[in-house]
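Participant:
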Amino acid sequence: MDRAYLAIAATEVAASSDNELYGQLARKLPFEVEPTQRAAWEYQIEHLRELAQDLPDAHFFIEFLIPRMGRRADLIIVTGGIVFVVEYKIGARRLDRSSLDQVYGYGLDLKHFHETSHHLPIVPILVASEVGECPTPVIDWDVDGLARPVGLGPSQLANFIAQLVIAEDRPSIDVAHWFAGRYRPTPTIVEAAQALYGGHDVEEISRSEAGAENLTRTSDYVSQVIEGAKQDRRKIICFITGVPGSGKTLAGLNLATARQRAHSEEHAVFLSGNGPLVEVLREALALDAVARAKDAGERPSKVQEHRRASAFIQNIHHFRDEALASDQPPVEKVAIFDEAQRAWDVEQTSKFMQQKRGQRGFSMSEPEFLLSVMDRHPDWCAIICLVGGGQEINTGEAGIDEWLRAIERSFPHWDVHVSPTLQHGNAIANITQSEGLHLSTSIRSFRAEKLSDFVGHVIAGDVEKARQVQAELTHFPLLVTRDLAAARQWLRSMRRGTERAGLLASSNAARLKPHGIFVKAKIEPAKWFLAPLDDVRSSDALEDAATEFDVQGLELDWACLCWDANFRRGAGWETHQFRGSRWEQISDPSRQAYLANSYRVLMTRARQGLIVYVPRGDHEDRTRPGSFYDPVFEYLMAAGLSEL
Numbered sequence: 001m002d003r004a005y006l007a008i009a010a011t012e013v014a015a016s017s018d019n020e021l022y023g024q025l026a027r028k029l030p031f032e033v034e035p036t037q038r039a040a041w042e043y044q045i046e047h048l049r050e051l052a053q054d055l056p057d058a059h060f061f062i063e064f065l066i067p068r069m070g071r072r073a074d075l076i077i078v079t080g081g082i083v084f085v086v087e088y089k090i091g092a093r094r095l096d097r098s099s100l101d102q103v104y105g106y107g108l109d110l111k112h113f114h115e116t117s118h119h120l121p122i123v124p125i126l127v128a129s130e131v132g133e134c135p136t137p138v139i140d141w142d143v144d145g146l147a148r149p150v151g152l153g154p155s156q157l158a159n160f161i162a163q164l165v166i167a168e169d170r171p172s173i174d175v176a177h178w179f180a181g182r183y184r185p186t187p188t189i190v191e192a193a194q195a196l197y198g199g200h201d202v203e204e205i206s207r208s209e210a211g212a213e214n215l216t217r218t219s220d221y222v223s224q225v226i227e228g229a230k231q232d233r234r235k236i237i238c239f240i241t242g243v244p245g246s247g248k249t250l251a252g253l254n255l256a257t258a259r260q261r262a263h264s265e266e267h268a269v270f271l272s273g274n275g276p277l278v279e280v281l282r283e284a285l286a287l288d289a290v291a292r293a294k295d296a297g298e299r300p301s302k303v304q305e306h307r308r309a310s311a312f313i314q315n316i317h318h319f320r321d322e323a324l325a326s327d328q329p330p331v332e333k334v335a336i337f338d339e340a341q342r343a344w345d346v347e348q349t350s351k352f353m354q355q356k357r358g359q360r361g362f363s364m365s366e367p368e369f370l371l372s373v374m375d376r377h378p379d380w381c382a383i384i385c386l387v388g389g390g391q392e393i394n395t396g397e398a399g400i401d402e403w404l405r406a407i408e409r410s411f412p413h414w415d416v417h418v419s420p421t422l423q424h425g426n427a428i429a430n431i432t433q434s435e436g437l438h439l440s441t442s443i444r445s446f447r448a449e450k451l452s453d454f455v456g457h458v459i460a461g462d463v464e465k466a467r468q469v470q471a472e473l474t475h476f477p478l479l480v481t482r483d484l485a486a487a488r489q490w491l492r493s494m495r496r497g498t499e500r501a502g503l504l505a506s507s508n509a510a511r512l513k514p515h516g517i518f519v520k521a522k523i524e525p526a527k528w529f530l531a532p533l534d535d536v537r538s539s540d541a542l543e544d545a546a547t548e549f550d551v552q553g554l555e556l557d558w559a560c561l562c563w564d565a566n567f568r569r570g571a572g573w574e575t576h577q578f579r580g581s582r583w584e585q586i587s588d589p590s591r592q593a594y595l596a597n598s599y600r601v602l603m604t605r606a607r608q609g610l611i612v613y614v615p616r617g618d619h620e621d622r623t624r625p626g627s628f629y630d631p632v633f634e635y636l637m638a639a640g641l642s643e644l
């Protein structure tokens, strides 16, 4: 992996010809240089010569990898104890907000994930090639030493840097040590999907070497098994397990993209029953592909890119329904099922098939039917099941045993590969155990490694253990407030650049409506997670709250969980649902567990910080008395949350 395509000191620039500099860049590009890329590099090389003359002590790094975002910054300048991140917009006549956010995102990536940049001042700069003299910007430093992004014309860049270096008077940087610093990125699943789909390797976007090795080992094992199945004309199923936060979905996406790149005839597909996740990933991949094509000077088609993404990532229920319409084998030879344990049991599947799809007498579970669909292939095929757990929020989920029972009952000719951690009592003839199918290293969010433990104790009602874990979350703000306006203001003050913030609420949080949180108004997940800040449908607008069904499997950087009286404190947790005009207590244990899990999901969506809004209640409204909410607020304070 080349951290930068070109690394050069200012003193060396004059000794290199334009062709030599261009040749070093072109050799590192993994594909043919497009005319627009050539023109951009030629412009940057010309500008580099000017910068080298005016900044003789500087070191320059062109096309510097930003792993979490799956992109490369145009130019990094290290000089005078400061790291400058420069993004060029060739042909641009104005400094637009999205481009400023882009370079801000590069700065954030360095600050958070590049170990030798953690404690250094970083200044993101946008340079629009057709902009003349801009008013000299005033640097606004964040508390962690990252400056707010500034925009300049190309003729201003060198002087701006030189003046700032003099004004700041920082200790010099050991450039070789800085450049060799380890990267420990933690992309969201959306960012990871975009990076992998765009051709990056999992090593480039994994938080740790151990995590990358673990994911690579799993991918290599499954790929070998698939190649063996092709050669021997066998049908195989692999179950990938992992510790919490180990990246099982990332492993599945890595497998799918790798098979698609190297074996397009297999039509490898990533299947999920999580509708919002599928919708968001498809839109994100299409938007990113369009943006990359535009950067390369092409004229992309959003419709075509969305079609490509839709073939790669599919809703498992649509895949199932298409198989109902034909008895032919699907075009896909490799199917990767995310959260495979959440497939429906016989009762739920039969009920749905008979009532919603007109399939009278249907008596198979979802795992058995999906196995039967892939079994239509006359020669070989492969199913990869990603196995998670602990966040069940829907009824009728079968668990992984149903897959194994279906194989034992109806598909004994399939070869089964499992990790030793997968315990079962099924008599399966062709079964192989491999450590390569277990992801043992957590790659969870860089600030939230302990968050799931903390939330687990909160949901379990163990205040003392919650406080102990909270004490270790020194870089993850956990706040509680009775003022929703203050919570919104806190979110706006915390989010930076391309980071995302949003409001969350339980799907049955019906009495948040007086506070402007109306959970029955459905969000558009793709818009909520991906639309820009100025779009009122965006999560960043802080208008619409997403529920557990909208956000499971997805993440925000900063979140406000709006807590309602459906999950309240008494002797322990009490579960309620709102029907008509009043609250009713939930007595069914499984439904109680689903509600508890919904709050578990909601409390673990934030990567960088969480604030909980607990209403004060209204003594004149019998559905919202303070006695419903005050004990929750007091409990969260006792568990370690700080009042805003």
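Take 1 as the starting number for the sequence shown in our numbering and just add one per residue.
Note that CB positions come from ideal geometry on N, CA and C, so glycine has one too.
Measuring CB atoms only, is the segment 409-422 touching the segment 230-240, in the sense that at least three cross pairs come out at less than 8 Å?
Facilitator: Enough Cβ pairs lie closer than 8 Å, so yes.
Participant: Rounded to a whole number of angstroms, what is the C-alpha to C-alpha distance between Ile226 and Ile383?
Facilitator: If you number the sequence shown from 1, residue 226 lands on position 226. If you number the sequence shown from 1, residue 383 lands on position 383. The straight-line gap from Cα to Cα measures roughly 9 Å.
Participant: Could you tell me which residues DSSP pairs with Cys562 in its beta bridges?
Facilitator: The residue labelled residue 562 in the question sits at position 562 within the sequence shown. Its beta-bridge partners are Ala505, Tyr613.
Participant: May I ask which residues mark the beginning and end of the beta strand (DSSP E) holding Val150?
Facilitator: Within the sequence shown, the letter at position 150 stands for residue 150. Taken as a continuous stretch (DSSP letters only), the beta strand (DSSP E) holding Val150 covers 150-152.
Participant: Identify the continuous alpha helix (DSSP H) that holds Glu574 and give its terminal residues.
Facilitator: As a working mapping, residue 574 is identified with position 574 in the sequence shown. Glu574 -> not in any alpha helix (DSSP H); beta strand (DSSP E) instead, spanning 573-579.
Participant: What are the complete alpha helix (DSSP H) segments, minimum 4 residues, inside the segment 15-39?
Facilitator: Listed in chain order, they are 18-28.
Participant: Figure out for me which residue from Asp338, Glu191, Arg49 has the closest Cα to the Cα of Gly399.
Facilitator: Here residue 399 refers to the residue found at position 399 of the sequence shown. Among Asp338, Glu191, Arg49, the Cα nearest to that of Gly399 is on Asp338.
Participant: Spell out the partners DSSP gives Ser642 in its beta bridges.
Facilitator: Walking along the sequence shown from the start, residue 642 turns up at place 642. BP columns for Ser642 point to Leu479.
Participant: Per DSSP, Gly181 forms a beta bridge with which residues?
Facilitator: Position 181 of the sequence shown, counted from the start, is the residue given in the question as residue 181. Answer is none; Gly181 lacks a bridge partner.
Participant: Please state whether DSSP places Gly107 in a helix, a strand or coil.
Facilitator: Position 107 of the sequence shown, counted from the start, is the residue given in the question as residue 107. If DSSP states are grouped into helix, strand and coil, Gly107 belongs with the helices.
Participant: DSSP three-state label for Asn597, please.
Facilitator: By 1-based counting over the sequence shown, the position of residue 597 is 597. Here Asn597 sits in helix by DSSP.
Participant: Below 8 Å, how does it come out for the segment 94-101 and the segment 136-147: are there three or more Cβ pairs, yes or no?
Facilitator: Cβ pair count under 8 Å is below three, so no.
Participant: Which class does Ile236 belong to by DSSP, given the choice of helix, strand or coil?
Facilitator: On the sequence shown, residue 236 is found 236 positions in, with the first residue counted as 1. Ile236: strand per DSSP, three-state reduction.
Participant: Would Gly105 and Thr498 qualify as a contact pair, given that the criterion is a beta-carbon distance under 8 Å?
Facilitator: Residue numbering aside, residue 105 sits at position 105 when the sequence shown is read from its first letter. Residue numbering aside, residue 498 sits at position 498 when the sequence shown is read from its first letter. Yes, the Cβ-Cβ distance between Gly105 and Thr498 is below 8 Å.
Participant: Restricting to Cα atoms, I'd like to know which of Gly609, Ala526, Ala541 is closest to Leu533.
Facilitator: For the purposes of this step, residue 533 is identified with residue 533 of the sequence shown, where counting begins at 1. Leu533 has its Cα closest to that of Ala541, out of Gly609, Ala526, Ala541.
Participant: Between the beta-carbon of Phe84 and the beta-carbon of Val123, is there less than 8 Å?
Facilitator: Position 84 of the sequence shown holds residue 84. Position 123 of the sequence shown holds residue 123. Result yes, Cβ atoms of Phe84 and Val123 sit closer than 8 Å.
Participant: Only counting the same chain, and skipping five residues up and downstream in sequence, which positions put a Cβ closer than 8 Å to that of Pro625?
Facilitator: Working through the sequence shown from its first residue, we reach residue 625 at position 625. So the qualifying residues of the chain are Gly617, Asp618, His619.
Participant: What's the gap between the Cα of Lys294 and the Cα of Arg93?
Facilitator: Taking the sequence shown and counting its residues from 1, the one referred to as residue 294 is at position 294. Taking the sequence shown and counting its residues from 1, the one referred to as residue 93 is at position 93. Near 17 Å, if we compare the C-alpha coordinates of Arg93 and Lys294.
Participant: Label Gly273 either buried or exposed according to how many other C-beta atoms from any shown protein chain fall within 10 Å of its C-beta, with 16 as the threshold for buried.
Facilitator: For the purposes of this step, residue 273 is taken as residue 273 along the sequence shown, with counting starting at 1. Classification for Gly273: buried.
Participant: Looking only at its chain, what residues have a beta carbon closer than 7 Å to the beta carbon of Asn508, apart from the 5 residues adjacent to it on each side?
Facilitator: Here residue 508 is taken as the residue at index 508 of the sequence shown, counted from 1. Around Asn508: Asn566, Gln577, Phe578.
Participant: Assign Gly390 to buried or exposed, taking buried as 16 or more other Cβ atoms, counted over all protein chains shown, within 10 Å of its Cβ.
Facilitator: By one-based count along the sequence shown, residue 390 stands at place 390. Residue confidence for Gly390 is low, a pLDDT of 48 falling below 50, so the modelled location carries little weight; the figure read from the coordinates is stated next. Per the 10 Å Cβ criterion, exposed.
Participant: Give every residue of the same chain whose Cβ lies closer than 7 Å to the Cβ of Thr481, excluding the five residues on either side of it in the sequence, and list them in chain order.
Facilitator: To locate residue 481, count along the sequence shown from 1; it is residue 481. Excluding positions up to five away in sequence, the list reads Ala487, Ile611, Tyr613, Glu643, Leu644.
Participant: Look at the alpha carbon of Thr11 and the alpha carbon of Gly198, and state the distance between them as a whole number of angstroms.
Facilitator: Indexing the sequence shown from 1 puts residue 11 at position 11. Indexing the sequence shown from 1 puts residue 198 at position 198. Those two C-alpha atoms are separated by around 35 Å.
Participant: Note down, in chain order, each residue of its chain lying with its Cβ closer than 7 Å to the Cβ of Lys465, except the 5 sequence neighbours on either side.
Facilitator: The residue given as residue 465 occupies position 465 in the sequence shown. Once the five neighbours on either side are set aside, the close Cβ partners of Lys465 are His457.
Participant: What does a CB cutoff of less than 8 Å around Glu392 pick up in its chain, not counting 5 residues either side in sequence?
Facilitator: Within the sequence shown, the letter at position 392 stands for residue 392. Note that Glu392 scores 46 on pLDDT, short of 50, meaning its location in the model is unreliable; the coordinates nonetheless yield the value given after this. Once the five neighbours on either side are set aside, the close Cβ partners of Glu392 are Arg342, Ala593, Tyr594, Asn597.
Participant: Using three-state DSSP, classify Gly242 as helix, strand or coil.
Facilitator: Locating residue 242 in the sequence shown gives position 242, counting from the first residue. Residue state, collapsed to three classes: strand.
Participant: DSSP three-state call for Pro124: helix, strand or coil?
Facilitator: Taking the first residue of the sequence shown as 1, we reach residue 124 at position 124. Strand.
Participant: Which of the three DSSP states, helix, strand or coil, is assigned to Thr432?
Facilitator: Within the sequence shown, the letter at position 432 stands for residue 432. Reduced to three states, the DSSP call for Thr432 is strand.
Participant: Starting from Asn159, trace the alpha helix (DSSP H) in both directions and tell me its first and last residue.
Facilitator: By one-based count along the sequence shown, residue 159 stands at place 159. Start and end: 157-168.
Participant: Quick check on Asn214: does DSSP put it in helix, strand or coil?
Facilitator: Taking the sequence shown and counting its residues from 1, one reaches residue 214 at position 214. Note: Asn214 maps to helix in three-state DSSP.
Participant: Would you give the residue range spanned by the beta strand (DSSP E) that Gln355 belongs to?
Facilitator: Within the sequence shown, numbered from 1, the residue matching residue 355 stands at position 355. Careful: Gln355 lies outside any beta strand (DSSP E), inside the alpha helix (DSSP H) at 346-356.
Participant: Going by CA-CA distance only, name the one from Leu95, Leu75, Gly81, Asp96 that's closest to Glu87.
Facilitator: The sequence position of residue 87 within the sequence shown is 87, counting from 1. Closest option to Glu87, Cα to Cα, is Leu75.
Participant: Sort out for me which residues DSSP pairs Leu271 with in a bridge.
Facilitator: In the sequence shown, the residue the question calls residue 271 occupies position 271. Paired residue(s): Gln314, Phe337.
Participant: Please report the distance separating the alpha-carbon of Trp583 from that of Thr623.
Facilitator: As a working mapping, residue 583 is identified with position 583 in the sequence shown. As a working mapping, residue 623 is identified with position 623 in the sequence shown. Looking at the two C-alpha atoms, the distance is approximately 7 Å.
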